[in-house]
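Numbering (our numbering), first residue to last: 205 to 433. The beta-carbon is built from N, C-alpha and C at its ideal position, and this holds for glycine as well.
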Amino acid sequence: RQVIELAGVAKRYDSGGAPALGPCTLSVARGEALAVTGPSGSGKSTLLNLVAGLDRPTDGSVTVAGRRIDQLNERALATFRRAHIGIAFQFFNLLDDLTVTDNIQLPAQLAGAGRRQAAARADELMEALGIQRHARAYPGRLSGGERQRVAFARALVNRPALLLADEPTGALDSAAGHDVRGLLLDLRRTGQTIVLVTHDPTLARACASRTVHLVDGRIASDSSARAAR
Ligand code: ADP
Ligand code: ADP
Numbered sequence: 205r206q207v208i209e210l211a212g213v214a215k216r217y218d219s220g221g222a223p224a225l226g227p228c229t230l231s232v233a234r235g236e237a238l239a240v241t242g243p244s245g246s247g248k249s250t251l252l253n254l255v256a257g258l259d260r261p262t263d264g265s266v267t268v269a270g271r272r273i274d275q276l277n278e279r280a281l282a283t284f285r286r287a288h289i290g291i292a293f294q295f296f297n298l299l300d301d302l303t304v305t306d307n308i309q310l311p312a313q314l315a316g317a318g319r320r321q322a323a324a325r326a327d328e329l330m331e332a333l334g335i336q337r338h339a340r341a342y343p344g345r346l347s348g349g350e351r352q353r354v355a356f357a358r359a360l361v362n363r364p365a366l367l368l369a370d371e372p373t374g375a376l377d378s379a380a381g382h383d384v385r386g387l388l389l390d391l392r393r394t395g396q397t398i399v400l401v402t403h404d405p406t407l408a409r410a411c412a413s414r415t416v417h418l419v420d421g422r423i424a425s426d427s428s429a430r431a432a433r
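What follows is the structure, given as structure tokens:
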């Protein structure tokens, strides 16, 4: 069962120019932890945005959790993302005027979960991620590593088929980065399907079961023998 299927996907930001990405074909199976590496400008964010449904390809099809998403309208995409995709960003993107608990619950409530159900799921995640003592704190009071844990809990609250992590250690010092690395490994062990975008090969090696390396928008190498090119 594939969680991601990209078929002949290309993205051009300006017509006429060379594509920023692709054409590329790539499948990610359930339970894989894929790292996407490559130098700055190689197309990592473009790939992530297409998989997340934050942007649309110029060519090809993007299928996530069995659903073709490249043709969906904005509203359908937003609903789809909420249900099936969790995203952790480099700069966390937490809401500073909501408590940790409320930040984590918010996507569950937006997806229609009841208050009690959302609260129970947030509790479960705070416990699993070791941030329960900060439940009533505001994100501004937490360290970078703790904030990233809150961001991961928020990303996981709706039990997404796919967890995307965009340079999750990029804004952290090395100790906190190490901590987030451990968190990614723990999530991988639970069978969570993960796509980790990073320019850091050490992070990729430590956390991923497979690495795809991009150069100039093309897949230059794929550590998986099964990979289609
Ligand atoms: P990476 O994440 O690996 O740094 P990106 O996906 O951000 O790479 O960029 C790939 C290429 O696409 C680069 O040449 C970049 O300048 C270009 N690009 C990215 N986003 C845009 C955009 N919104 N408009 C125009 N060009 C873009
Ligand atoms: P990078 O520095 O790796 O390119 P960015 O921080 O620019 O990553 O974010 C990657 C992409 O995610 C961008 O295209 C941006 O538009 C999108 N993005 C960032 N934050 C949010 C958000 N809160 N909601 C939706 N999209 C976001």
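Who are the Cβ neighbours of arginine 433 in its own chain at under 6 angstroms, not counting the five residues just before and after it? With a pLDDT of only 45 at arginine 433, under 50, the local geometry of the prediction cannot be trusted, and the value read off the model is given with reservation. Once the five neighbours on either side are set aside, arginine 433 has no close Cβ partner at all.
Candidates Val384, Arg337, Arg340, Asp370: which alpha carbon is nearest arginine 353's? Looking from the CA of arginine 353, the closest CA among Val384, Arg337, Arg340, Asp370 belongs to Val384.
Grab the span of the alpha helix (DSSP H) containing histidine 417 for me, first residue to last. Counting along the chain, no alpha helix (DSSP H) covers histidine 417; the unbroken beta strand (DSSP E) around it starts and ends at 414 to 419.
Taking Cβ to Cβ, would you say alanine 369 is nearer than 8 angstroms to alanine 292? Judged by beta-carbon spacing, alanine 292 lies within the 8 angstroms limit of alanine 369, meaning their Cβ atoms are closer than that value.
Looking only at C-alpha atoms, which of Ser231, Leu329, Gln206 sits nearest to leucine 434? Lying before the first or after the last residue shown, residue 434 is absent from the chain, which here runs from 205 to 433.
Short of 6 angstroms in beta carbon distance, which residues of its chain neighbour threonine 267, apart from the five on each side in sequence? Order them along the chain. So the qualifying residues of the chain are Glu209.
Should glycine 242 be listed as close to ligand 1, given that the test is whether its C-beta is under 7 angstroms from any heavy atom? Yes - ligand 1 has a heavy atom lying nearer than 7 angstroms to the Cβ of glycine 242.
Where do the N-terminal and C-terminal ends of the alpha helix (DSSP H) with glutamate 236 fall, by residue? Membership of glutamate 236 in any alpha helix (DSSP H) is not indicated, and neither H nor E is assigned to it by DSSP.
Span of the beta strand (DSSP E) around leucine 400: Taken as a continuous stretch (DSSP letters only), the beta strand (DSSP E) holding leucine 400 covers 397 to 401.
Compare the C-alpha of aspartate 301 against each of Gly344, Leu276, Lys215 and name the closest. Among Gly344, Leu276, Lys215, the Cα nearest to that of aspartate 301 is on Gly344.
Bridge partners for leucine 368 per DSSP, in chain order? In DSSP, leucine 368 forms a bridge with Ile291, Val399.
Per DSSP, isoleucine 208 forms a beta bridge with which residues? For isoleucine 208, the beta-bridge partners assigned by DSSP are Val232, Val268.
State the CB to CB distance for the pair alanine 256 and threonine 415, rounded to an integer number of angstroms; the pair is presumed to be in contact (CB under 8 angstroms). Contact doesn't hold; Cβ gap of about 19 angstroms is too wide.
Mapping the DSSP letters down to three states, classify glycine 245 as helix, strand or coil. In the structure shown, glycine 245 adopts coil according to DSSP, grouped into three states.
Assuming alanine 341 contacts phenylalanine 296 (C-beta within less than 8 angstroms), just tell me the rounded distance between them. The Cβ separation is near 14 angstroms, so there is no contact.
Check: glycine 247 C-beta below 7 angstroms from any heavy atom of ligand 1: Result yes, Cβ under 7 angstroms from ligand 1.
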